[in-house]
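Reading through the structure tokens given below for one structure.
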Amino acid sequence: TAAAVAGGGDGFSGTEQVFPDGYHALIDGMLKETDLSTDPPKDALINHVHLNAVVTAITTSDTDITVTYDSPAGTGLVKKADAVIVTVPAGVLRSGLITFTPSLSTTKQTALE
Numbered sequence: 001t002a003a004a005v006a007g008g009g010d011g012f013s014g015t016e017q018v019f020p021d022g023y024h025a026l027i028d029g030m031l032k033e034t035d036l037s038t039d040p041p042k043d044a045l046i047n048h049v050h051l052n053a054v055v056t057a058i059t060t061s062d063t064d065i066t067v068t069y070d071s072p073a074g075t076g077l078v079k080k081a082d083a084v085i086v087t088v089p090a091g092v093l094r095s096g097l098i099t100f101t102p103s104l105s106t107t108k109q110t111a112l113e
């Protein structure tokens, strides 16, 4: 799972969730919890969500996660975070369009075959 990838683990302890109307439901749900009463919302989740971004690399270190992406605002953009949520089809992971450093575990790579 994406959480396991970001955290370096191989497992997922929760129940599997299916989003029949698309993964935007995940973001929509998180944004409902955001206080949008200030303009702009101070430290609101909405300030950290980047839609229509094409992620090209995710690098995990001991201190943070660096995401490199392209968007309508430019290419090769970089964001650092404590955690990331990756919602991509298995085919995208198989294609190698997103470079993971360190690489996905052998278990995850085998599962994608």
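Residues in the sequence shown are numbered consecutively from 1, following UniProt numbering. C-beta atoms are modelled at their ideal positions from N, C-alpha and C, and glycine is treated no differently.
Check, Outcome
"Inter-residue Cα distance where the pair is PRO20 and THR75", "31 Å"
"Per-residue burial, VAL78 [other beta carbons within 10 Å of its own, 16 or more giving buried]", "exposed"
"Three-state secondary structure (DSSP) of ASP64", "coil"
"CA nearest to the CA of ASP82, picked from SER61, ALA111, GLU113 and MET30", "SER61"
"Candidates VAL86, LEU104 and LYS32: closest to LEU51 by CA position", "VAL86"
"Strand pairing of LEU77, partner residues [DSSP]", "TYR69"
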